[in-house]
Amino acid sequence: MKKTSLRAKILNAPYIVWAILFILAPMFMVVFYALTDRSGSFTLQNITALAVYKETFGRSIGYAAVATAVCLLIAYPLAYIMARSNASKQRTLMLLIMLPMWMNFLIRTYSWISILANTGIINSLLRALGLGPVQLINTPGAVILGMVYNYLPYMILPIYSIMCKLDYSLVEAAQDLGCSSRSVLRRVIFPLSLPGVVSGITMVFVPSVSTFYISQKLGGGKFLLVGDSIEMQFQTSYNYNLGASLSLALMVMILVCMVVMNRFADEDEGAIIL
Amino acid sequence: MIIDLKNISVSFDGQPILKNLNLYIRDGEFITLLGPSGCGKTTTLRIIAGFLEPDSGEVVFEGKVINGMPAYKRQVNTIFQRYALFPHLNVYENIAFGLKQQKLPKEVIRKTVEEMLALVNLKGFEKRSVASLSGGQQQRVAIARALAVKPRVLLLDEPLGALDLKLRKDMQVELKAIQKRLGITFIYVTHDQEEALSMSDTIVVMDNGEIQQIGTPTDIYNEPKNAFVADFIGESNILDGIMHEDFSVEFHGMRFQCVDKGFGSEEPVDVVIRPEDVDIVPPDAGMLRGTVTSVTFKGVHYEIIVDIRGFKWMIQTTAYAAVGDEIGLSIKPEEIQVMKKSAYSGLYGDYSSFSEEFDELSDPQAQTEENAAEESL
Numbered sequence: 001m002k003k004t005s006l007r008a009k010i011l012n013a014p015y016i017v018w019a020i021l022f023i024l025a026p027m028f029m030v031v032f033y034a035l036t037d038r039s040g041s042f043t044l045q046n047i048t049a050l051a052v053y054k055e056t057f058g059r060s061i062g063y064a065a066v067a068t069a070v071c072l073l074i075a076y077p078l079a080y081i082m083a084r085s086n087a088s089k090q091r092t093l094m095l096l097i098m099l100p101m102w103m104n105f106l107i108r109t110y111s112w113i114s115i116l117a118n119t120g121i122i123n124s125l126l127r128a129l130g131l132g133p134v135q136l137i138n139t140p141g142a143v144i145l146g147m148v149y150n151y152l153p154y155m156i157l158p159i160y161s162i163m164c165k166l167d168y169s170l171v172e173a174a175q176d177l178g179c180s181s182r183s184v185l186r187r188v189i190f191p192l193s194l195p196g197v198v199s200g201i202t203m204v205f206v207p208s209v210s211t212f213y214i215s216q217k218l219g220g221g222k223f224l225l226v227g228d229s230i231e232m233q234f235q236t237s238y239n240y241n242l243g244a245s246l247s248l249a250l251m252v253m254i255l256v257c258m259v260v261m262n263r264f265a266d267e268d269e270g271a272i273i274l
Numbered sequence: 001m002i003i004d005l006k007n008i009s010v011s012f013d014g015q016p017i018l019k020n021l022n023l024y025i026r027d028g029e030f031i032t033l034l035g036p037s038g039c040g041k042t043t044t045l046r047i048i049a050g051f052l053e054p055d056s057g058e059v060v061f062e063g064k065v066i067n068g069m070p071a072y073k074r075q076v077n078t079i080f081q082r083y084a085l086f087p088h089l090n091v092y093e094n095i096a097f098g099l100k101q102q103k104l105p106k107e108v109i110r111k112t113v114e115e116m117l118a119l120v121n122l123k124g125f126e127k128r129s130v131a132s133l134s135g136g137q138q139q140r141v142a143i144a145r146a147l148a149v150k151p152r153v154l155l156l157d158e159p160l161g162a163l164d165l166k167l168r169k170d171m172q173v174e175l176k177a178i179q180k181r182l183g184i185t186f187i188y189v190t191h192d193q194e195e196a197l198s199m200s201d202t203i204v205v206m207d208n209g210e211i212q213q214i215g216t217p218t219d220i221y222n223e224p225k226n227a228f229v230a231d232f233i234g235e236s237n238i239l240d241g242i243m244h245e246d247f248s249v250e251f252h253g254m255r256f257q258c259v260d261k262g263f264g265s266e267e268p269v270d271v272v273i274r275p276e277d278v279d280i281v282p283p284d285a286g287m288l289r290g291t292v293t294s295v296t297f298k299g300v301h302y303e304i305i306v307d308i309r310g311f312k313w314m315i316q317t318t319a320y321a322a323v324g325d326e327i328g329l330s331i332k333p334e335e336i337q338v339m340k341k342s343a344y345s346g347l348y349g350d351y352s353s354f355s356e357e358f359d360e361l362s363d364p365q366a367q368t369e370e371n372a373a374e375e376s377l
């Protein structure tokens, strides 16, 4: 075994300090707060109190799952078409996808309020046509729309980058061996793009399940998600211990998801998660 | 006749790739499309496979026009240049790919795959991942995969290009043996003239999107139709000549007896003499005399460059001559091949700028260029 040289140690130092300061220390704080009460003594009360949030967790997972599925349905064909287009079209499409990401997340969410509100753009249009106002904002659909809109690029990009690398002669080989376009997709393109799909799913599901604010603004506070509950514990109730316990539960949940997804991707090797 | 290409034209970005190509292919023959980079040979193959539609012309398969028929419905299969094996499948699944698509019973698939693995000498490789195989083994899997679906015609697009010389020679013999055994038509694309000569029943020499000559390997070598073919297949000394009358041709200011006829009286022609057909004799006994300017030992023979009145000849002989020697050349009438003048006249056949190093260097580069040009189609 080679001994780590002094040089390597010095080069690694900033990263190690960074990791301790910004990754390990906060995690430790979360665990510490979750397992103590206000006075700082050990308790499991915060963990048992999570039972109350069963519904919130369920809703978070459900909404995030639907949002992820919708993202996948939109992103997959789009990524495929992009990868098959000529270079200038690819650049234009990429720009259109990236453009919203240059704007602040909050501003984007606010603009959806003005689009979906009862006196918003869509409803004004419908009213003018005599189709009359439809309740759009403050519905589960609006919350999911917000998630899809914000996280769609994270689904498109990994799939697109895998599709670009796909050797087109494999498609021709499949056609050559008797595959119609649909079979080519099912038997060659999809299995080969699976690592991109898996990483896209992770990159959309994780932020969706832990998001807050979207549900407050587009759901009118009626559909609280885990992220909102955590925020409330810290910002309104000042119950850091319960907030930390919620965070811990969420973290464990995400970790489990990622292990499962990674295992899934490993079988087809070459996953690019994290 | 299994395939008939009629008046096929293709252009890409206004650049003609194939110009009014006509070619028929007999059932069961080993036919090779031979030519330099960008001559249109791969394009021709892709048209037969169904990956590319010609701008005009008909593709006929067993008497039926199959223009517009998608690749997956055609009874032809392709061995791709870089094999195009499916990386997510193992050897067995790769070979079974086409059979599964036909929804054959599992038992039939298993038996066929076993047969194919035996055919390409890869027994016991079923469970291996394709990435773990060497180039030669991947090549064999690609052959097994294409043959498993029992095609009528197998298309091979420079299949041995990525293999080293020794392996390439072995695979040439094996491919030829497989073709003989199965009795199916092989259409083989290569830029390697040696490969073409040693494997083919018929060679189609192409250049610039046009067929230059079709014939058996012997015909192509011994009776090249024009300066391009003479130069591309083997080494040739190509001289300006005048056909005075039947059986009499003049070059280097001398009259020679030959076996060609049917040219106009006093018609300007190209004369081809293969380097191995020239005998070295004492200067006085020779029909031509010249000075040796370079000698290279090649193992079986010497390669000698001789300057005759400013034109450099290449001679391959077992007799030795030293640089600076004055030697005589003797040529038998049947070794002189007279060709009509063509667009290629004067472009080839003089060895004054001959350099082997250049020859070898230009080859792989030309190949990548062709890949780039033809893939973009």
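Protein chains in written order, with our numbering: chain A, 1 to 274; chain B, 1 to 377.
Backbone N, C-alpha and C fix where the C-beta goes; we use that ideal spot for every residue, glycine too.
In angstroms with no decimal places, state the Cα-to-Cα distance between Ile222(A) and Pro191(A).
Note that residue 222(A) corresponds to Lys in the displayed sequence, not to Ile. Going by the C-alpha atoms only, they are around 40 Å apart.
On the DSSP letters alone, give me the boundaries of the alpha helix (DSSP H) that Arg128(B) sits inside.
Judged by DSSP secondary structure, Arg128(B) falls outside any alpha helix (DSSP H); it is assigned neither H nor E.
Could you name the residues of chain B that Asp167(A) contacts, counting a contact when the two beta carbons are closer than 9 Å?
Arg82, Ala84 and Pro87
Pro16(B) in three-state terms, based on DSSP
strand
Can you list the residues of chain B that Gly200(A) reaches, using a CB-CB cut of under 8 Å?
Per Cβ cutoff of 8 Å: no residues; Gly200(A) is ~18 Å from chain B at best.
State the CB to CB distance for the pair Gly241(B) and Phe251(B), rounded to an integer number of angstroms; the pair is presumed to be in contact (CB under 8 Å).
Right, the Cβ-Cβ distance comes to about 4 Å (below 8 Å), so this counts as a contact.
Within 10 angstroms of its Cβ, does Asp55(B) collect 16 or more other Cβ (buried), or is it exposed?
exposed
Based on the DSSP output, what are the partners of Glu24(B) in its beta bridges?
Note that residue 24(B) is Tyr in the sequence shown here, rather than Glu. The partner list for Tyr24(B) (beta bridge, DSSP) reads Asp4(B).
CB contact check: Gln101(B) to chain A, cutoff 8 Å
yes
Less than 8 Å between the C-beta atoms of Leu119(A) and Lys217(A), yes or no?
Looking at the sequence shown, residue 119(A) is not Leu but Thr. No, they are not a contact pair.
In chain B, what lies closer than 9 Å to Pro191(A) by C-beta?
By Cβ distance, chain B contributes Phe86, His88 and Leu89.
Quick one: grab the DSSP three-state call for Phe51(B).
Of the three classes helix, strand and coil, the one that applies to Phe51(B) here is coil, per DSSP.
Whole-angstrom distance between Ile81(A) and Leu93(A), CA atom to CA atom
Spanning the two alpha carbons is a distance of roughly 10 Å.
Three-state secondary structure assigned by DSSP to Met94(A)
When DSSP states are grouped into helix, strand and coil, Met94(A) belongs to the helix group.
Suppose you measure from the CA of Lys41(B) to the CA of Arg168(B); what does that come to, to the nearest Å?
Each residue's Cα considered, the two are about 20 Å apart.
Where does the unbroken beta strand (DSSP E) through Asp270(B) begin, and where does it stop?
Glu267 to Ile273
I believe Glu172(A) touches Phe51(B) by the beta-carbon criterion, under 8 Å. Please report the beta-carbon distance rounded to the nearest angstrom.
6 Å
At the level of alpha carbons, what is the spacing between Leu242(A) and Ala65(A)?
25 Å
Would you report the Cα separation of Asn262(A) and Leu157(A), rounded to the nearest angstrom?
Cα atoms of Asn262(A) and Leu157(A): separation of roughly 18 Å, rounded to the nearest angstrom.
Leu246(A) and Tyr53(A): beta carbons closer than 8 Å?
yes
Does the beta carbon of Gly196(A) sit closer than 8 Å to a beta carbon anywhere in chain B?
no
For a contact meaning CB atoms closer than 7 Å, what does Gly98(B) contact in chain A?
Leu177 and Gly178
Per-residue contacts from Ala49(B) into chain A (C-beta, under 7 Å)
Those within 7 Å of Ala49(B) in chain A are Asp176.
Report the partner residues of Thr291(B) according to the DSSP bridge assignment.
Asp307(B) and Glu326(B)
Taking 8 Å as the cut-off, decide whether the C-beta atoms of Arg182(B) and Leu147(B) are in contact.
Going by the sequence as given, residue 182(B) is Leu instead of Arg. Closer than 8 Å, so yes.
Applying the 10 Å Cβ sphere with the 16-neighbour rule, what's the burial state of Gly262(B)?
Exposed, because fewer than 16 other Cβ atoms sit within 10 Å of the Cβ of Gly262(B).
Quick check on this structure: which residue in Lys127(B), Val292(B), Val323(B) and Glu115(B) has the alpha carbon closest to the alpha carbon of Trp313(B)?
The shortest C-alpha separation from Trp313(B) is found at Val292(B).
Got a sec? Which residues, its chain only, sit under 7 Å from Lys123(B) by beta carbon, not counting five neighbours each side?
Leu117
List, in chain order, every chain A residue whose beta-carbon is nearer than 7 Å to that of Tyr92(B).
Neighbours of Tyr92(B) on chain A: none; closest Cβ ~15 Å, over 7 Å.
Which residues of chain A have a Cβ atom closer than 8 Å to the Cβ of Ala71(B), listed in chain order?
Glu172, Gln175 and Asp176
Any Cβ of chain B within less than 8 Å of the Cβ of Val256(A)?
no
Could you check if Arg152(B) belongs to the surroundings of the ligand ZN, using beta carbon to heavy atom distance under 7 Å?
In the structure shown, the ligand ZN is absent, as is every other ligand, since no ligand is present at all.
Where Ser39(A) falls, given that 16 or more other Cβ within 10 Å makes a residue buried:
exposed
Apart from the five residues just before and just after Arg187(A), which ones in its own chain have a Cβ nearer than 8 Å to its Cβ?
Ala174 and Cys179
Counting contacts by CB-CB distance shorter than 8 Å, is Thr78(B) in contact with chain A?
yes
Distance, Gly220(A) Cα to Met232(A) Cα:
15 Å
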